[in-house]
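Numbering (mature numbering (1 follows the signal peptide of the UniProt record, and there is no 0)), first residue to last: -21 to -1, 1 to 198.
All C-beta atoms, glycine included, are put in the ideal place defined by N, C-alpha and C.
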Amino acid sequence: MLKLIGALFLLLLALIIRVLSVLPIFHRPKIHKKNANEQIRVLSVLGSGGHTAEMLKLLETLFIGEKRNYKITFVIASSDKNSQHKAKAFSTKFKEKFGIDDIKVHLVPRSRKVGQSYLSSIFTTLYASFFSFKIVVLENPKLVLCNGPGTCVPIALSAFLLRIIAIKFIDIIYIESIARVKHLSLSGRILYPIADRFIVQWESLASKYKKVEYIGRLI
């Protein structure tokens, strides 16, 4: 019994050390030289409550500001019909304007509904995480981009899990919604430790948290 406990303790200790070693606070990713011909696969999470409008505006700025070969894939909650329609319109618009391929859309169960208790959201998030992990593995993105909807939590955690088990290092960029002026959202608080870049749009938030970046209004 003591040997088993000792083995489990060492295994747990090794896991903790591994997680700490890949956290952004301890591990700075390598800076790669920009290659205009390199395709950058981006997994972008859309969500209700204004998150989709903000994210699509950010992506529009991304396309206009950089001459890069982006391959965008959207992840949307299966119950979020509004975001699904907006994603389709965005894909059509930018296919015509920039000549990009059709933007693929994956639907996942919602992690947390508006007003849902934190306790029950643990179970719905675990359920959604199963689908999210499959998507991250299938799409093999270079970057996960999210701005606060609950759907982004299992996607980002799945990307971080692949980093822990040394399969792939996926950059995670979290942009807090412009609606968050004084406090981080629940999604923001969860992903704060694992995001490689954590961007806020209000200076008052930047003064509260060491890791965050304030670069002004993005939309």
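Residues near residue i in its chain [Cβ-Cβ closer than 7 Å; skip 5 each side]
{"i": "Q18", "result": "N48 and K50"}
{"i": "E33", "result": "N126, S156, I157 and I198"}
{"i": "residue 204", "result": "Any answer about residue 204 is impossible in this case: the structure gives the chain only from -21 up to 198."}
{"i": "I10", "result": "Note that I10 scores 47 on pLDDT, short of 50, meaning its location in the model is unreliable and no value can be drawn from it."}
{"i": "E118", "result": "R20, L22 and T52"}
Backbone secondary structure at residue i - three-state DSSP
{"i": "L163", "result": "coil"}
{"i": "R168", "result": "helix"}
{"i": "T52", "result": "strand"}
{"i": "K74", "result": "helix"}
{"i": "S23", "result": "strand"}
{"i": "E192", "result": "strand"}
{"i": "R(-4)", "result": "helix"}
{"i": "L86", "result": "strand"}
{"i": "M34", "result": "helix"}
{"i": "N119", "result": "coil"}
{"i": "S111", "result": "helix"}
{"i": "T40", "result": "helix"}
{"i": "V(-16)", "result": "Residue -16 is actually Gly in this sequence, not Val. DSSP places G(-16) in helix when its eight states are reduced to three."}
Per DSSP, the bridge partner or partners of residue i
{"i": "Q18", "result": "N48"}
{"i": "L124", "result": "S23 and I152"}
{"i": "F102", "result": "The partner list for F102 (beta bridge, DSSP) is empty, contrary to what the question assumes."}
{"i": "V179", "result": "Y193"}
Residue i classed as buried or exposed, judged by whether at least 16 other C-beta atoms fall within 10 angstroms
{"i": "S186", "result": "exposed"}
{"i": "S27", "result": "buried"}
{"i": "S62", "result": "buried"}
{"i": "G195", "result": "exposed"}
Contact set for residue i: own chain, Cβ-Cβ below 8 Å, skip 5 residues either direction
{"i": "V115", "result": "L22, V123, I134, S137, A138, L141 and I149"}
Beta-carbon proximity list for residue i, same chain, < 6 Å, skipping 5 on both sides
{"i": "W181", "result": "V160"}
(message) For the pair the stretch 140 to 147 and the stretch 175 to 182, tell me if three or more CB-CB distances fall below 8 Å.
(response) no
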